[in-house]
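K.L.:
Quick one: the structure is below, and I'll ask about it shortly.
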Amino acid sequence: MKLDKLKHGFDHTAMPETSHTGYWSREVTQQLAHQDWALTHIRNRIDLSAWQSHTTDLPRDPYVEQRWKRMAWLALDQAGEMQDLGHCPMAQGGAFNDAESMADKLRYYAPLTRAFLERHDVKRFVEAWAGLWGLQANEPILMQITGVRGEGKIDPLQGQGIHADGCKALSIMVVSRQNLVGADNHLYTDKAGTELVANATLAPGDILHLRDDRLYHSVDAITQQAPHQAFERFIIIINSRFVDPYQNRILRRHFPDAILNEG
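Position one of the sequence shown corresponds to residue 0 (numbering that gives the first Met the number 0), numbered consecutively onward.
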């Protein structure tokens, strides 16, 4: 984890391992409350190599070249346990995603596999993530495994630049990062990027939490490090409480009983 303008720490013994509230250190919740973002890692919480194995069978993204992706809509039930809500397309209005290949389109992706979603460390991560953001039962959570691989140079955001994802709760975790230079994350207070908040280079297992309705983010272009080997970078994106009316309309259509952020 390489950082600029960033301080953080880890508290792995403050609370019992079985408590969802102990999944994240107190510093993470404090940072989110006071600066709208936090950076930590979960390498001690998950089997990272097992998660990495689920990047090998990702189908190609039908909308973006050199990208691979699966996604699922999840939620907590009344007992606080993760449930798969089933099919719903991803939708981002142009106000939040101005990339021509993605803006104002319904996008359909292959689902996350049962083998992945049924892992204990995946369920616990989603449940603890929902707890971090104070989500209620039946609030839709979008979880994606997505990434790029190839040679030469590529923009992992495919033209989105400095942007917001159209939600209140957003976290990005790097699953794998091989043979590349770049892909540095940046946070800003505005879409124009006039005020930089932080820079971070995430290693596998690092996770960046941010209040997406208050901060904008971007990722630098990727170039391969060794010239005769392909690069790859795969990430988990997990977010909820959508402020994008387009996405909320689609969610209401597919999940009529869901609790949505429609105010």
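The beta carbon of each residue, even a glycine, is placed where N, CA and C say it ideally should be.
For clarity, every value in this text was computed on a predicted model and none was experimentally measured.
Output the residue ranges of the alpha helix (DSSP H) runs that lie fully inside the region 111-188 and measure 4 residues or longer, sorted by chain position.
P.N.:
113-116, 119-132
K.L.:
Does any C-beta atom of chain D lie closer than 8 angstroms to the C-beta of L57?
P.N.:
Absent here is chain D; the protein component of the structure consists of one chain.
K.L.:
Whole angstroms are fine: how far does the CA of G165 sit from the CA of N247?
P.N.:
If you number the sequence shown from 1, residue 247 lands on position 248. If you number the sequence shown from 1, residue 165 lands on position 166. The alpha-carbon atoms of N247 and G165 are separated by roughly 10 angstroms.
K.L.:
Taking Cβ to Cβ, would you say W67 is nearer than 8 angstroms to P139?
P.N.:
Counting from one through the sequence shown, the residue named residue 67 turns up at place 68. Counting from one through the sequence shown, the residue named residue 139 turns up at place 140. Contact flag unset, no.
K.L.:
Beta-carbon separation of M142 and L111 under 8 angstroms?
P.N.:
Locating residue 142 in the sequence shown gives position 143, counting from the first residue. Locating residue 111 in the sequence shown gives position 112, counting from the first residue. With respect to L111, M142 sits close: the two C-beta atoms are nearer than 8 angstroms.
K.L.:
Would you mind stating whether I234 and G133 have Cβ atoms separated by less than 8 angstroms?
P.N.:
Stepping through the sequence shown from its first residue, residue 234 is reached at position 235. Stepping through the sequence shown from its first residue, residue 133 is reached at position 134. Not in contact: I234 and G133 (Cβ atoms no closer than 8 angstroms).
K.L.:
My output table needs one value for R44: the three-state DSSP class, helix, strand or coil.
P.N.:
Residue mapping note: residue 44 aligns to position 45 of the sequence shown, counting from 1. R44: coil per DSSP, three-state reduction.
K.L.:
Distance, Cα to Cα, L214 vs A74?
P.N.:
Position 215 of the sequence shown, counting from 1, holds the residue named residue 214. Position 75 of the sequence shown, counting from 1, holds the residue named residue 74. Linking L214 to A74 through their CA atoms gives a straight-line distance of about 24 angstroms.
K.L.:
Quick check on the burial criterion: 16 or more other C-beta atoms within 10 angstroms. Buried or exposed for D243?
P.N.:
Reading the sequence shown from its first residue, position 244 is the one you call residue 243. With 16 or more other Cβ atoms within 10 Å, it is buried.
K.L.:
First and last residue of the beta strand (DSSP E) that includes H208?
P.N.:
Residue numbering aside, residue 208 sits at position 209 when the sequence shown is read from its first letter. Residues 205-210.
K.L.:
What does DSSP give as the partner residues of Q224 in its beta bridges?
P.N.:
Working through the sequence shown from its first residue, we reach residue 224 at position 225. DSSP, once it has assigned bridges, lists no residue as partnering Q224.
K.L.:
Buried or exposed for Y107, please, with buried defined as at least 16 other CB atoms from any protein chain shown within 10 angstroms of its CB.
P.N.:
Against the sequence shown, residue 107 aligns to sequence position 108. Exposed, since its Cβ has fewer than 16 Cβ neighbours within 10 Å.
K.L.:
Leaving aside the five residues before and after H86 along the sequence, list all residues of the same chain whose C-beta is less than 8 angstroms from its C-beta, in chain order.
P.N.:
For this step, residue 86 is matched to residue 87 along the sequence shown. Scanning its chain for C-beta atoms nearer than 8 angstroms, with the 5 sequence neighbours on each side dropped, one finds around H86 the residues W72, P110, H253, in chain order.
K.L.:
Just confirm the distance between the C-beta atoms of W50 and V218, as a whole number of angstroms; I'd bet it's less than 8 angstroms.
P.N.:
Locating residue 50 in the sequence shown gives position 51, where the first residue counts as 1. Locating residue 218 in the sequence shown gives position 219, where the first residue counts as 1. Rounded, the Cβ-Cβ distance is 20 angstroms, inconsistent with contact.
K.L.:
Taking just the CA atoms, how far does L31 sit from D256?
P.N.:
Within the sequence shown, numbered from 1, the residue matching residue 256 stands at position 257. Within the sequence shown, numbered from 1, the residue matching residue 31 stands at position 32. Roughly 29 angstroms separates the two Cα atoms.
K.L.:
Starting from H216, trace the beta strand (DSSP E) both ways and give me its first and last residue.
P.N.:
Within the sequence shown, the letter at position 217 stands for residue 216. Segment 215-218, the beta strand (DSSP E) holding H216.
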